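Numbering (our numbering), first residue to last: 101 to 780.
Take a look at the structure below.
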Ligand code: IVH
């Protein structure tokens, strides 16, 4: 073999060190200094050098992450210290009991310092470093004996093959969770679908399936990551006295820990952490199923000790499950405002994501066919955060015999008009238009809704009655009704009837963008309504415009322009609009912007919403900010323009005050979105 020139050996050592340093900056510190492509070039160069001079290859070289031959089976690893599990808390009371017991056992009155971390939904791993080098990785197994997955763990780029810095114990067993981030999981399943292969049910199964591969080359292609959350055994080096300090030491040594970890005081701190994280849960890039609380002091942990298989110093506070199974009673078709037919699964009521769910949308016929949901099926329902519940999949093994696939009806189930579906459109529609009571009702609901004409008290049930009794056929009819007519309806007292007439009268004073939005033109949402209003300045200018002119409005594409044009060409729509104006619906004049770029009123503004608002959910508030061109952000910084603080606003409000960011209460916020600065 050729002798290796000094220069090559030095270069290889340098490259190895650089690659490891960039891994650390990328994965642990979250502050990369180079691009992925530059990193790839460093690795390529090292590969080339090692290929030329094979004696340069070292066990811990970043080129050696993937071993070659698949194993016949996994070896067994006996844990030097058992890997325990955690007791669960499902309610505030459970957490209070946990804290009380901790303090009673320790005989302390004062509040205890706790380390809080997300409970990652993956699988536990134990990784042993000897003299700073990764020598073994094992799964938890039964807690006493696990499987040797060293070769697979070595393929995970964020796990260092060598510890960084100094001061690590000569024997260090770091424990943590292997997981698959949400984006990687989706990509993996998308690729599997394209190849016609089986998909994984959830990220946790995907992580487990990927780690337990006999061929590490397969594991290497899977997007796995690890967060470390504890030290098992250690020898030949001291560790600090607090769990939180241990975590920061692990980080110094290049072992990645969860950036959401915090130290809090007492049970109040625990519950605050739980609600803060719960609120952000659906936006985290990985799945978590709860929060883990640990007494921060390692000495107190020791004094508390263990009961059977779980420590007394820690507990897992679980979020309500986001997925549950239930049975489909039937598939029904709902007809929307524009005639779109949406299949809806009627379910045996099931408690999921903190609420009872009895319906789940299947979106459209293609989705229904793809998921093949049938009456009688057992299905997995998912409800995460505030999003609407959805059917994840059918449990095929539990399909009853003779279950029949649902078909797209040929006639509208509400009005009997023909249903059409164009090939290039996923949506089937009822052709009944406003003849169809379902479309009429939905149009009226939309017209009256808060973000449109904002007619207080005119809810869905009332609209059903008004349409079914024939009192109201279109939006203009609403303004003809008297208090006497309203009070003749079910569950309507004289007082409510008066209130409603008052609300209708108040709603007549509106804005042009709201009015356009309220008309319910297909695909014309709030942002498009704003753009149209700003461009044309008046309803007359818009409704007499030709197709070309409408197409010139910034952000209005040819399809929406077509919908707008057609809407105003229909005599029926023109009549209703005229009648509304005759009834006194009016708005302040706007200076038309013509072909100038329309700037949305909150463009360039970054707004953080925190705490609980009484008039809308936080998601809704953020939608409105976005609809007006603003950026809804989750964290407060010097660049934040406003913080909207509802009740029980916590750390974000404090941060805003600290940084001097203007704080709006709910009333200010409602004013801001009703009359945004410098907008139409
Ligand atoms: S500490 C003795 N911290 O939850 C305590 N566990 O039911 C050992 N887990 O097997 C665990 N995130 O796989 C701890 N931040 C976290 C965790 C966590 C997820 C898992 C772990 C363990 C199970 C315990």
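All C-beta atoms, glycine included, are put in the ideal place defined by N, C-alpha and C.
Keep in mind that this is a model prediction, so the values were computed, not measured.
With a threshold of 7 Å (Cβ to nearest heavy atom), would residue i be considered close to the ligand IVH?
i           : result
residue 238 : no
residue 126 : no
residue 523 : no
residue 392 : yes
residue 386 : no
residue 247 : no
residue 471 : no
residue 52  : This structure does not reach residue 52, given that the chain is present from 101 up to 780, and the question cannot be answered.
residue 414 : yes
residue 214 : no
residue 735 : no
residue 717 : no
residue 339 : no
residue 638 : no
residue 307 : no
residue 330 : yes
residue 273 : no
residue 184 : yes
residue 223 : yes
residue 411 : yes
residue 219 : yes
residue 379 : no
residue 277 : yes
Please say whether residue j and residue i have beta carbons closer to each other than 8 Å?
i           : j           : result
residue 460 : residue 491 : yes
residue 558 : residue 548 : yes
residue 753 : residue 764 : no
residue 263 : residue 230 : no
residue 494 : residue 514 : no
residue 545 : residue 563 : yes
residue 613 : residue 629 : yes
residue 261 : residue 239 : no
residue 583 : residue 601 : yes
residue 221 : residue 304 : yes
residue 721 : residue 744 : yes
residue 474 : residue 505 : yes
residue 278 : residue 307 : yes
residue 689 : residue 656 : no
residue 665 : residue 650 : yes
residue 481 : residue 457 : yes
Does residue i pass the burial test, meaning 16 or more other C-beta atoms within 10 Å, or should it be called exposed?
i           : result
residue 407 : exposed
residue 275 : buried
residue 284 : buried
residue 605 : exposed
residue 218 : buried
residue 391 : buried
residue 214 : buried
residue 327 : buried
residue 265 : exposed
residue 106 : exposed
residue 356 : buried
residue 267 : exposed
residue 387 : buried
residue 757 : exposed
residue 579 : buried
residue 654 : exposed
residue 586 : buried
residue 672 : exposed
Any chance the region 428-440 sits against the region 391-403, with 3 or more Cβ pairs inside 8 Å?
-> no
Just list the alpha helix (DSSP H) runs in the region 634-688, keeping only unbroken ones of 4 residues or longer that don't cross its boundaries, in chain order.
-> 639-643, 647-651, 658-669, 671-682
Contiguous alpha helix (DSSP H) assignments of at least 4 residues, all confined to the region 188-240 = 192-206
Please confirm if the region 241-251 is in contact with the region 173-180, defined as three or more CB-CB distances below 8 Å between the two stretches.
-> yes
Alpha helix (DSSP H) runs wholly inside the region 347-392, at least 4 long, in chain order | 366-380
When the Cβ atoms of the region 329-343 are set against those of the region 281-295, are three or more pairs found closer than 8 Å?
-> no
Count the C-beta pairs between the region 137-155 and the region 105-119 that are closer than 8 Å, then say yes if the count reaches three, no if not.
-> yes
For the region 242-288, which segments carrying the beta strand (DSSP E) assignment without a break, of at least 3 residues, lie completely within its bounds, in sequence order?
-> 245-247, 271-279
Along the chain, which unbroken stretches of the beta strand (DSSP E) at least 3 residues long are found entirely within the region 424-502?
-> 441-452, 455-461, 478-482, 490-494
Let me know the alpha helix (DSSP H) ranges lying completely inside the region 513-587, each 4 residues or longer, listed in chain order.
-> 537-548, 560-568, 575-578, 583-587
Is it a yes or a no for the region 708-716 touching the region 629-641, going by three-plus beta-carbon pairs under 8 Å?
-> no
Would you say the region 418-429 touches the region 440-454, given that touching needs at least three Cβ pairs under 8 Å?
-> yes
Which residue spans inside the region 112-189 form an unbroken beta strand (DSSP E) run of at least 3?
-> 176-178
Does the region 160-167 touch the region 363-370, meaning 3 or more C-beta pairs lie closer than 8 Å?
-> no
Secondary structure, beta strand (DSSP E): runs of 3+ residues fully inside the region 595-633 | none
Is the region 438-446 close to the region 409-417, with three or more CB pairs under 8 Å?
-> no
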